[in-house]
Each structure stands twice: as C-alpha cells, then as structure tokens.
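In this note's numbering, the protein residues as written are 1 to 54.
We put the beta carbon where it would ideally sit given N, CA and C, even for glycine.
It should be emphasised that the depicted structure is a prediction, and the values quoted were computed from it without experimental measurement.
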C-alpha cells in the first residue's frame with residue numbers, strides 16, 4: 001500500500017506542476033527547478049524511508 005500511496009502523490013505533484021506551468025504561475029523550466037530543489041527531494045525521500053512501516 002505504501003508504494004501505491006507514493007506513486008499517487010508523485011502523480012498528483014507532477015499534475016500540479018504542469019497545471020501551474022500552463023496557468024503561468026511558475027516558470028516551466030523543470031531542470032532549473034530540480035537543480036534548486038534536489039536536496040529537498042532527498043530529504044523528503046529520507047523522511048519517507050524513516051517513517052515507512054514494515
């Protein structure tokens with residue numbers, strides 16, 4: 001169930017990114033966003049692994 005939840009959250013976030021880009025709320029350069037926020041992604045993955053139920 002945890003992997004399904006993770007996949008659902010990823011799909012929602014990707015959809016929100018494309019929606020915000022189409023509405024002109026953010027710059028559409030995904031590379032620049034990832035270059036800036038990659039440490040946050042690593043921290044979020046680490047926290048998810050820490051609290052993952054076995």
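Taking just the CA atoms, how far does residue j sit from residue i?
| i | j | result |
| --- | --- | --- |
| residue 36 | residue 4 | 27 Å |
| residue 22 | residue 32 | 17 Å |
| residue 20 | residue 28 | 9 Å |
| residue 48 | residue 9 | 12 Å |
Got a sec? Which residues, its chain only, sit under 7 Å from residue i by beta carbon, not counting five neighbours each side?
| i | result |
| --- | --- |
| residue 16 | none |
Please go through the same chain and pick out, in chain order, the residues whose beta-carbon is closer than 8 Å to the beta-carbon of residue i, but skip the five residues on each side of it.
| i | result |
| --- | --- |
| residue 30 | 17 |
Please work out which residues of its chain come closer than 6 Å, Cβ to Cβ, to residue i, disregarding the five sequence neighbours upstream and downstream, and give them in chain order.
| i | result |
| --- | --- |
| residue 6 | none |
| residue 26 | 20 |
According to DSSP, is residue i helix, strand or coil?
| i | result |
| --- | --- |
| residue 23 | coil |
| residue 18 | helix |
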